[in-house]
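> First the structure, then my questions, so here it is.
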């Protein structure tokens, strides 16, 4: 198994579609499509996001992770991660490898998520308002919560509004998402 980023746009789109589908689940409404569209149309276009995978010798992903730059350009936030086959160990290995090399920030919504990220090698933790916690990889430049820059983002509301008012755009993005899901490597569940 090795860590890699997709080499071709079609491969990237297939991996991204699967990551969105796996992360949000089947009952997520438009959330997977909005994230798929926002990443492709905005963050990938501005080189503010990068997709990574832990792949086997046939380049089939066992785990996927989406990293987004922060506004200051000094760190990266883990936006989404998932293991297409449900193998949390592959997901842990991928995040662990990324944390060794990238100035990674991970937001934990609960104790279970924090414990998982700790098993990924994240040992610096800070409290955030609302009971959330943020973990930083060794290479992250922030030394306190006050030094954390927000991640680069896209306007979800604008995408939803465009979906509502531009049927062609909505249908085109939906078709791209479905085609990308169908293009995900066979043999990966």
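Residue numbers (the working numbering): 46 to 234. By construction, the Cβ of each residue, glycine as well, lies at the ideal position given by its N, Cα and C atoms.
Considering only DSSP beta bridges, list what residue 152 is partnered with.
179
> Can you check which of these residues, 209, 172, 196 and 48, is closest to residue 88 by C-alpha distance?
Comparing Cα-Cα distances from residue 88 to each of 209, 172, 196 and 48, the minimum goes to 196.
> Quick check on the DSSP output: what are the complete beta strand (DSSP E) runs of length 3 or more inside the region 74-134, in order along the chain?
Qualifying beta strand (DSSP E) stretches, in chain order: 94-100, 106-114 and 121-127.
> In angstroms, rounded to a whole number, what distance separates the CA positions of residue 60 and residue 229?
Straight-line measurement puts the Cα of residue 229 at about 6 Å from the Cα of residue 60.
> Do residue 123 and residue 95 have their beta-carbon atoms positioned less than 9 Å apart in this structure?
no
> With residue 223 as the anchor, note down where its alpha helix (DSSP H) starts and where it stops.
212-227
> Going by C-alpha distance, which of 103, 143 and 79 is nearest residue 48?
143
> Residue 57 by DSSP, collapsed to three states: which one?
Helix.
> Do you know how far the Cα of residue 166 is from the Cα of residue 190?
19 Å
> Is residue 208 helix, strand or coil when you go by DSSP?
Correct three-state label for residue 208: helix.
> So for residue 234, helix, strand or coil by DSSP?
In this prediction, residue 234 scores a pLDDT of 44, lower than 50, which makes its location untrustworthy; the coordinate-derived value is nonetheless stated afterwards. Under the three-state reduction of DSSP output, residue 234 falls in the coil class, being neither helix nor strand.
> Are the CB atoms of residue 185 and residue 146 within a distance shorter than 9 Å?
no
> If contact is defined by three or more beta carbon pairs under 8 Å, each pair taking one atom from either stretch, is the region 72-85 in contact with the region 211-225?
yes
> Measure the alpha-carbon distance for residue 93 versus residue 104 and round it to whole angstroms.
24 Å
> Only counting the same chain, and skipping five residues up and downstream in sequence, which positions put a Cβ closer than 7 Å to that of residue 199?
83, 87 and 88
> Does the beta-carbon of residue 120 have 16 or more other beta-carbons within 10 angstroms, so that it is buried, or is it exposed?
buried
> Do you know how far the Cα of residue 210 is from the Cα of residue 46?
44 Å
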